[in-house]
């Protein structure tokens, strides 16, 4: 395929900038990146966070793994290459929301340090808040809200994160959110308390 990069002329410098959108919305935009095992509670906590921020008139957008897989990334599988491309696209979409002044809440297993680092590089380290939803594998498997652990144990799903594919926990996340022994509301309150001070213009 012919490279037509010489015919591409970005106009980013001519359009309204992020600070203009933040001033309009009276909020600071940021990308919150929930990572953790399947069933750890990422989406549940994200939905609760979004509702709490909405009460405080903060505009948000959730990007959830399953939702994205049915839309913009519906042509991707679960090979290592496709998982990497999945996260790359999500990071680029997140950056668009970031530049629009919106608080973007991402819920993705994103199992390796490398894949999360790539997302951070695209979004920008200063705008990337990594939250590790730290729920033990045994608890996630017991919940098995999507029936994925049962299928993985039966051999119907290969390379299942935490079982026969590794999950590399963040070493220095913005928040290490331990969920065991806590209610959903308690974990949401913990995230809100940590996030809210950052969002003031």
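Residue numbers (the working numbering): 1058 to 1258.
Quick reminder that beta carbons are idealized off the backbone N, C-alpha and C, glycines included.
Remember, it's a predicted structure, so these values are computed and weren't measured experimentally.
Own chain residues within Cβ distance below 8 Å of residue i, not counting five before or after
i: residue 1058; result: With a pLDDT of 44 at residue 1058, under the threshold of 50, the modelled position of this residue cannot be trusted; read the value that follows with caution. Closer than 8 Å at Cβ, skipping near neighbours: no residue.
i: residue 1073; result: none
i: residue 1172; result: 1140, 1141, 1144
i: residue 1086; result: 1075, 1078, 1079, 1154, 1155, 1156, 1157, 1158, 1159, 1160, 1161, 1184
i: residue 1283; result: Any property of residue 1283 remains undetermined from this structure, which presents the chain solely from 1058 to 1258.
Where the beta strand (DSSP E) containing residue i begins and where it ends
i: residue 1266; result: The requested residue 1266 does not occur in the structure, where the chain is confined to residues 1058 to 1258.
i: residue 1234; result: 1232–1235
Contacts around residue i, its chain only, beta-carbon distance under 6 Å, and the 5 residues preceding and following it disregarded
i: residue 1235; result: 1191
i: residue 1251; result: 1232
i: residue 1116; result: 1082, 1159
Backbone secondary structure at residue i - three-state DSSP
i: residue 1252; result: helix
i: residue 1135; result: coil
i: residue 1224; result: coil
i: residue 1125; result: helix
Close-in-space but distant-in-sequence residues of the same chain around residue i (CB under 7 Å, 5 per side omitted)
i: residue 1151; result: 1088, 1120, 1161, 1163, 1180
i: residue 1099; result: 1091, 1093, 1164, 1190
N-terminal and C-terminal residue of the alpha helix (DSSP H) that residue i is part of
i: residue 1118; result: Looking at the DSSP string, residue 1118 is not in any alpha helix (DSSP H); the run it does join, the beta strand (DSSP E), is 1117–1121.
i: residue 1171; result: 1170–1180
Below-7 Å beta-carbon distance, residue i vs any chain D residue
i: residue 1237; result: Among the chains in the structure shown there is no chain D, since it carries only a single protein chain.
Discussion item. Under 8 Å, with one C-beta from each stretch per pair, do the segment 1133–1149 and the segment 1225–1244 reach the 3-pair mark?
Written reply: Cβ pair count under 8 Å is below three, so no.
Discussion item. I want to know whether the segment 1123–1133 touches the segment 1219–1226 - three or more CB-CB distances under 8 Å.
Written reply: no
Item to complete: Please confirm if the segment 1204–1221 is in contact with the segment 1102–1117, defined as three or more CB-CB distances below 8 Å between the two stretches.
Response: Contact between the segment 1204–1221 and the segment 1102–1117 is not established, with fewer than three Cβ pairs separated by less than 8 Å.
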